[in-house]
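Mapping the sequence shown onto my numbering, position 23 (from 1) lands on 1058, and the numbers just tick up by one.
The beta-carbon is built from N, C-alpha and C at its ideal position, and this holds for glycine as well.
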Amino acid sequence: MTYLEIFKEITKFLKENENKQNAEVDKRFFKCLIKSHGVRAGVLKDLAKKYYKTIDSLDKKDVFLLCKKLMETDYNEEFFISYLFCYRIHKQYEINYFEIFEDFIKKYINNWMKCDTFCNHCMGELIEKYPSLINKMKNWSKSNNLYLRRALAVS
1036 MTYLEIFKEI
1046 TKFLKENENK
1056 QNAEVDKRFF
1066 KCLIKSHGVR
1076 AGVLKDLAKK
1086 YYKTIDSLDK
1096 KDVFLLCKKL
1106 METDYNEEFF
1116 ISYLFCYRIH
1126 KQYEINYFEI
1136 FEDFIKKYIN
1146 NWMKCDTFCN
1156 HCMGELIEKY
1166 PSLINKMKNW
1176 SKSNNLYLRR
1186 ALAVS
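Structure, rendered in structure tokens:
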């Protein structure tokens, strides 16, 4: 199964299982513009688990392409699943993934849930493995991007 096939199956499932009532609650909770299908975290975790064996067999480049594709939808649910996939391979993180993660933060993180979830887990694991990366993050404190600044604090 390719990363594009996984992407199509996941987005199809989420659209078929939308809960408009939950989505409205999410929108009120976040107090900012968000896109939500109203699918709860437990369902998302179960959905992600369905693909873990496939994720484990994919080339890391394809895992990140899948994560990027999911993040591009801008839905909280797709982002949450992408974080689970990205974190799934944390033991195999390499120092050069910093640029990929930084790009994800700059382009796709636009609310506190996405920032805290991704940075506490994925970016945090990368920094724990490669503490020298902290020096690369220091200039984030001067960024105009609110979530890049927040990423520095929560990673």
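With a contact defined as Cβ atoms closer than 8 angstroms, residue 1157 and residue 1189 miss out at about 11 angstroms. Taking each of 1038, 1073 and 1149 in turn and checking the Cα distance to residue 1051, the smallest one comes out for 1073. In the three-state reduction of the DSSP assignment, residue 1110 falls in the strand class, which pools E and B. Cβ atoms of residue 1182 and residue 1131 stay farther apart than 8 angstroms, at about 22 angstroms. Taking each of 1159, 1124 and 1112 in turn and checking the Cα distance to residue 1186, the smallest one comes out for 1159. Non-local beta-carbon contacts of residue 1150 in its own chain, meaning distances under 7 angstroms to residues more than five positions away in sequence, involve 1144, 1182, 1185, 1186 and 1189 in chain order. Rounded to the nearest angstrom, the Cβ distance from residue 1113 to residue 1105 is 4 angstroms, consistent with a contact under 8 angstroms. Rounded to the nearest whole angstrom, the C-alpha separation of residue 1167 and residue 1085 is 35 angstroms. Within a 10 Å sphere around the beta-carbon of residue 1121 sit 16 or more other beta-carbons, which makes this residue buried. Residue burial is scored here from C-beta neighbours: residue 1169 has fewer than 16 other C-beta atoms within 10 angstroms and is therefore classed as exposed. Out of 1083, 1129, 1075 and 1125, the CA that lies nearest to the CA of residue 1059 is found in 1075. Here the alpha carbon of residue 1174 sits roughly 15 angstroms from the alpha carbon of residue 1136.
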